Amino acid sequence: MAVDDILTTLRRLLMGGQHSSAALLFVGRAPADAPPILEIMRWRAPSGRYVAQLTLPRDMPKDEHLDLEFFDEHGRPAKDMIGQPVVINGYITTVDNKGRARLNVKDIRNTLQDTPGPLFLRVGPQQSEWDATD
């Protein structure tokens with residue numbers, strides 16, 4: 039097992055099986071010798087029909103947004119999720135017509151400063167909590 043895999047596993051264990059908000063704070067602030075992708079976070083819907091994926095790059099995206107992408111069980115963009123509300127630790131957004139929720143890096147950092155620790159993803163009008171996966 040690679041050192042990065044061990045560190046990721048330890049971090050997940052310490053966070054109670056959840057993704058850590060700390061990784062989001064390093065987007066655009068990581069050292070130049072850090073890997074181009076800092077982390078890929080995934081969550082699964084309670085129904086098991088959908089997966090959400092957030093890729094955290096080392097460098098700040100030009101538009102200062104990250105995409106939380108939603109996929110169906112076949113790996114296709116989850117077009118039937120369009121318009122669904124998405125909440126990550128109090129940060130609110132909506133799934134767009136491409137099956138993704140846009141996250142403004144500065145705004146989500148401000149939100150996470152108020153709620154450090156594990157990331158909780160809630161989706162839909164009922165705000166169902168999705169489970170963190172590897």
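Its first residue numbered 39, the sequence shown is counted upward by one per residue in this note's numbering. Even glycine gets a Cβ: it sits at the ideal position worked out from N, Cα and C. Since we're looking at a predicted model, the values are computed, not measured.
- Residue pairing by DSSP places His-57 opposite Leu-157 in a beta bridge.
- Note on Arg-138: 16 or more other CB atoms within 10 angstroms of its CB, so buried under the neighbour-count rule.
- Looking only at Ser-85, Gln-165 and His-103, the smallest Cα-Cα distance to Arg-147 is reached by His-103.
- Nearest to Ala-72 by alpha-carbon distance, out of Met-79, Asp-105 and Phe-64, is Phe-64.
- Non-local C-beta neighbours of Ile-130 in its own chain, meaning closer than 8 angstroms and more than five positions away in sequence, comprise Pro-123 and Val-124, ordered along the chain.
- Our two residues, Ile-75 and Asp-97, have alpha carbons roughly 9 angstroms apart in a direct line.
- Within the stretch 58 to 103, the complete beta strand (DSSP E) segments of 3 residues or longer fall at 75 to 82 and 88 to 95, listed in chain order.
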